[in-house]
Structures are given as C-alpha cells and as structure tokens.
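Going letter by letter, the sequence shown gives residues 91 to 323 in my numbering. Every residue, glycine too, gets a C-beta built ideally from N, C-alpha and C. Predicted model, so just to flag it, every value in this text is computed and none were measured. This report refers to the structure that appears directly beneath it.
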Amino acid sequence: MIIRAKFNKKNYLKYISHLDLMRLFQRTFNSCRIPIKYSEGFNPHPKFSIAVPLSLGIESEEEYMDIELLENIAIEDFIERMNKALPDDIQIINAVILDKSSSISTILKWAFYEIKFTHDQINDLSILEEKINKWLSNEKIFISKLKKKKREKVETEVNIRPLIGNVVLKGLDENNYTIINVLLGIGESGNLKPVQFMEALNRDLNLYVDMELLLIKRLALYAEENGNIYSPL
C-alpha cells in the first residue's frame, strides 16, 4: 500500500532542514506505529520520499510525500495519528491511496510561489507590471549557474525563460511589500528557484530589491501531462 500525503511547513519550522524534516517524519511514523515498509540490506531505511525539497527559510502551504506501508491503514486514521504527533506548524492536510506507483518526484513540473519584496525604483505598480510583462516577452532570460564537470565546477549561462510560467503582480501588503505570484519550473526539465528568479528580475529591471528581505512562500505544486497542469492529489 502506498499513501500520497500533502502537508504544510509554516512559521518557525520553515528553518528546519530537509534532512531534519525526514528525521522528524521517521520519528513520527515510529511513535504513531504507522506500519511503514523498510528497505532490505545492511542499513535498512524507511521507504518514503518527499518531493522537491524546500530551501531553508521558505514556508509552504503544500508539500508532498509518498509513503510505502506494509499493511493497509484507513486514510482518516493515518491523518489523525500523524497530526497528533507532529508539531502544529507541520501538519498533514490530506492523503490518498495510490492506484499506481508513479513517484511524486517524477511527475511534478511546476511550483507556485508567493514572493514579497521591497524595492526603491518603481512606486507605480501599473508601471512595474508593464515592465515585468515586457521582460517576460523576451524569448531568452539568462542566469549563471555552477555545474559539475568531472571534478570541477564550471559556470554556465542558462536560459530560464522556459521555466517561468505565469507571473501575477498582486499589489502591496500592510507592510508595503510588493507581492507577486509566480509559477516556476521544477523537475527533470529544469529547476528554477524563486531566489534565482528574483535575482534575474532585479538585475534586468534595476529594481534595487533587498534580497536579504525576500519573503517566500510555496503555495502549491503541480504535475503536468500532455500540456495539462493538475494537482498530484
């Protein structure tokens, strides 16, 4: 039996590392007596995976993991037992039993973010929106990435435009932060982090964004098949 679970990661726990998050879930499985399956061999480990790990300091409303169990368990029972043991800022939102075993990591193609930032250049949001739309009309937007080549790291120019989906300027929040929602590519076809997106936007539009004060939240993850974007749960 394989369960796909959706969970969040909020507030102070946005600073927990991916490795510590894996350890947290493993301890929770054990304390809740969830019958998770273990790998065979000299060093067995629990068979569960979390898709598209978050960078440290980013909140999320919607993360996914696949969990392989030794025996069947009611979904409602699984969610209730897990949420009683997990901290308040990491909770299981929903879960389903999978009909097929396609890994969550292989089907996810897009991540949807809310990004809040301050800048010193454009006070009129309509002008900023116009500049962003003009920027997105470019066929190519390049950033520098370090890639491993044999034993060395080589800096290469990467076109990130195919990895940028919808960008929506939402307005200002109560602290006068500019809010945008952006859909960014993830997975085997390429992975664009929200900080990299903001670095390119800041560079090309001369916004003078304070990159240390970025507030980033992942709102959703999406799979894609034959050009159709859909929720994996």
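Considering only G131, W200, Q181 and L146, the residue with the shortest C-alpha distance to E315 is W200. The straight-line gap separating the alpha-carbon atoms of D167 and I124 is approximately 10 Å.
In this structure, K174 and D263 do not form a Cβ contact; the two beta carbons are roughly 34 Å apart against a cut-off of 8 Å. DSSP links M155 through a beta bridge to A95 and I140. Its Cα nearest to that of E151, the residue N101 stands out among N101, T208 and L176.
Boundaries for N316: no beta strand (DSSP E) harbours it, and the DSSP string shows neither H nor E there. Counting only runs of 3+ residues, the beta strand (DSSP E) found wholly inside the region 175 to 247 occupies 182 to 187, 198 to 207 and 232 to 239, in chain order. If you draw a straight line from the Cα of G275 to the Cα of N292, it comes to about 19 Å. Residue burial is scored here from C-beta neighbours: Y154 has at least 16 other C-beta atoms within 10 angstroms and is therefore classed as buried.
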